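Chemist: Numbering (the working numbering), first residue to last: 255 to 611. Here a beta-carbon is modelled for each residue, glycine too, at the ideal position from N, C-alpha and C. None of these values were measured; they are calculated from a predicted model.
#1: Span of the alpha helix (DSSP H) holding residue 490?
#2: Just verifying my parser: in three-state terms, what is the DSSP assignment at residue 255?
#3: Looking only at DSSP bridge pairs, what is residue 403 linked to?
#4: With a threshold of 8 Å, are at least 3 pairs of Cβ atoms found where one atom belongs to the stretch 525 to 532 and the other to the stretch 351 to 367?
#5: So, residue 325 versus residue 316, is the Cβ gap smaller than 8 Å?
#6: Note down, in chain order, each residue of its chain lying with its Cβ closer than 7 Å to the Cβ of residue 600, except the 5 sequence neighbours on either side.
#7: Spatial neighbours of residue 478 within its chain, please: C-beta separation below 7 Å, excluding the five flanking residues on both sides.
#8: Could you tell me which residues DSSP puts in a beta bridge with residue 548?
#9: At what residue ranges does the stretch 450 to 503 contain a whole run of the alpha helix (DSSP H), taking only runs of 4 or more?
#10: Based on Cα-Cα distance, which residue from 374, 610, 449 and 455 lies nearest to residue 272?
#11: Candidates 550, 422 and 319: which alpha carbon is nearest residue 462's?
#12: How far does the beta strand (DSSP E) with residue 292 in it extend, from its first residue to its last?
#13: Where DSSP assigns a beta bridge to residue 312, which residues make up the other side?
#14: Could you give the distance in angstroms between the alpha-carbon of residue 314 and the alpha-carbon of residue 388?
#15: Here's a check: name, in chain order, each residue in its chain whose Cβ is nearer than 6 Å to the Cβ of residue 339, leaving out the five neighbours to either side.
#16: Since residue 355 is in the alpha helix (DSSP H), which residue starts that stretch and which ends it?
#17: So is residue 277 buried or exposed if we call it buried at 16+ other beta carbons inside 10 Å?
#18: Out of curiosity, what's the CA-to-CA distance linking residue 553 and residue 265?
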């Protein structure tokens with residue numbers, strides 16, 4: 255029996271995609287093998303990578319002078335790849351708005367002067383600093399942000415306008431809302447939150463920025479090398495890319511970014527509206543910066559929070575326990591979470607509130 259999976263990642267996938275992958279599991283594209291068994295040099299598999307790249311470009315409107323590559327190691331590995339590819343002058347700016355933004359900043363300090371020019375930890379990462387009032391470092395190689403914060407449930411409503419290239423970790427919101435790729439120097443995203451199983455990370459980078467990685471940059475982390483080899487420099491995370499391709503196809507078929515963004519706003523609106531009018535639940539994020547992908551909430555009682563998570567699981571609503579840093583509950587309502595799943599959660603929350611006043 256399928257449940258509604260509210261996990262922050264690995265997360266729920268479109269049911270249509272799972273069924274399609276299931277149907278091809280023993281015989282992919284007439285090869286007589288699973289996609290997990292064929293060589294990444296096989297023409298049938300090369301077609302998967304080429305189609306996935308083309309769909310990323312089409313759905314996001316990626317300019318021709320940008321590379322689109324699929325790499326291993328998760329977004330956390332890109333915390334090192336960013337400075338190793340871009341930090342030529344030895345200094346960069348970071349805006350720290352959550353746990354992963356902090357980790358990226360800490361990693362950047364290994365390779366040069368990583369300046370923390372914005373920090374929302376003073377209010378437990380419940381807001382995004384005013385990007386227009388920040389002091390950006392002259393001559394910085396890039397400015398790094400985390401556009402949506404999975405743990406704390408915030409997102410940027412507007413992006414920094416700065417002289418240095420803007421680098422964004424978009425792991426937990428990629429393909430959920432319209433963005434102008436040309437406003438960024440680099441976008442990267444681990445796929446396991448909103449696109450595919452764990453194992454693959456998308457990097458979208460302006461080619462003029464990635465031609466001269468640092469001398470100490472390992473070959474496997476050189477975006478230029480991956481771009482020149484069409485993401486096939488070595489054996490890639492083949493199954494994850496295959497699923498990502500199916501998800502991207504599904505997204506295009508269902509109207510693309512504009513259509514899914516409308517649904518995402520609707521789902522989040524339903525849930526936030528219920529929380530705001532509840533006497534039991536509370537969301538601590540400043541309303542202007544609320545994420546439409548990750549919705550944390552609490553009852554005010556750790557005992558009651560634990561009871562909520564346990565009873566929700568019995569009702570087929572799983573992975574609602576909040577991150578250990580925040581506690582409480584968290585509903586991750588990514589692209590693949592159907593409206594019916596959010597409505598089912600709200601109905602359970604109503605029932606639980608009535609029974610636990």
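Modeler: Working from what's here:
#1: Run containing residue 490: none; DSSP gives neither H nor E here.
#2: coil
#3: Paired residue(s): 408.
#4: no
#5: Contact check for residue 325 against residue 316 fails: the beta carbons are separated by 8 Å or more.
#6: 524, 525 and 528
#7: 464, 465 and 467
#8: 586.
#9: 477 to 482
#10: 449
#11: That would be 319, whose Cα lies nearest to the Cα of residue 462.
#12: First-last for residue 292: undefined, no H or E at that position.
#13: Partner(s): none; residue 312 has no beta bridge.
#14: 28 Å
#15: 464, 467 and 477
#16: Counted as a single uninterrupted DSSP element, the alpha helix (DSSP H) harbouring residue 355 occupies residues 353 to 365.
#17: exposed
#18: 24 Å
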